[in-house]
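Colleague: So in the working numbering, spot 47 of the sequence shown is number 47, and the numbers just go up one at a time.
All C-beta atoms in this analysis are idealised placements derived from N, C-alpha and C, irrespective of residue type, glycine included.
The structure that follows is given in the form of structure tokens.
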Amino acid sequence: MTTKRKPYVRGMEANWWRKLGFYRFYMLREGTSVPATWFSLLVLYGLFALKNGPESWADFVSFLQHPIVLLINIITLLAALLHTKTWFELAPKALNLIVKSEKMPPGPIVKLLWATTIIATAVILGVALLF
Numbered sequence: 001m002t003t004k005r006k007p008y009v010r011g012m013e014a015n016w017w018r019k020l021g022f023y024r025f026y027m028l029r030e031g032t033s034v035p036a037t038w039f040s041l042l043v044l045y046g047l048f049a050l051k052n053g054p055e056s057w058a059d060f061v062s063f064l065q066h067p068i069v070l071l072i073n074i075i076t077l078l079a080a081l082l083h084t085k086t087w088f089e090l091a092p093k094a095l096n097l098i099v100k101s102e103k104m105p106p107g108p109i110v111k112l113l114w115a116t117t118i119i120a121t122a123v124i125l126g127v128a129l130l131f
């Protein structure tokens, strides 16, 4: 059995996300995928340049030193930090840790995640600079 009535379709404006600060921040956070894509392509370009020999690698390094590329990479770093911050704030909501019959507050979990990130970054930088 089918009905002859048209289904109700709620209208959606193109700028729906501009009305509330929460939605604007949501769109900004989702927009961090664009710089992440840039970084992924940049790493692939670097890997192929490394594979193709010293001249190709020198071209890649000179590409990285271009002012516009430096600016894009700084924006990418800021976007990654924003995404990391929001992800670390979300993690305790998904993780339900019970300690002594009480739910663990989000503060220690977020601090642990940031400490792990800082330690991993320091180790990677140390290995990269020493070897």
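Which parts of the stretch 6-78 are runs of the alpha helix (DSSP H), unbroken and 4 residues or longer, counting only runs that do not cross its ends?
Modeller: If we require 4 residues or more, the alpha helix (DSSP H) runs fully inside the stretch 6-78 come out as 21-31, 33-51, 54-64.
Colleague: Just the Cα atoms here: how many angstroms apart are A120 and T37?
Modeller: For this step, residue 120 is matched to residue 120 along the sequence shown. For this step, residue 37 is matched to residue 37 along the sequence shown. Taking the straight line from one Cα to the other gives about 22 Å.
Colleague: Could you tell me which residues DSSP puts in a beta bridge with I98?
Modeller: Against the sequence shown, residue 98 aligns to sequence position 98. DSSP, once it has assigned bridges, lists K103 as partnering I98.
Colleague: By DSSP, does F88 sit in helix, in strand, or in coil?
Modeller: For the purposes of this step, residue 88 is identified with residue 88 of the sequence shown, where counting begins at 1. Correct three-state label for F88: helix.
Colleague: Assuming L113 contacts A91 under a Cβ cut-off of 8 Å, what Cβ separation, rounded to an integer in Å, is found between them?
Modeller: Here residue 113 refers to the residue found at position 113 of the sequence shown. Here residue 91 refers to the residue found at position 91 of the sequence shown. Sure, about 6 Å apart at Cβ, within 8 Å.
Colleague: Residues in the same chain with beta-carbon distance under 6 Å from A79, minus the five sequence neighbours each way, listed in chain order, please.
Modeller: Here residue 79 corresponds to residue number 79 of the sequence shown, with the count starting at 1. T32, P35.
Colleague: My assumption, with CB atoms under 8 Å, is that T76 sits in contact with F39. Please give the rounded CB distance.
Modeller: In the sequence shown, counting from the first residue as 1, residue 76 sits at position 76. In the sequence shown, counting from the first residue as 1, residue 39 sits at position 39. Contact flag correct, Cβ pair sits at about 5 Å.
Colleague: Using 10 angstroms around the beta-carbon of A49, count the other beta-carbons present and answer buried if the total reaches 16, otherwise exposed.
Modeller: What you label residue 49 is simply residue 49 of the sequence shown in a count that begins at 1. Buried, by the Cβ-count rule.
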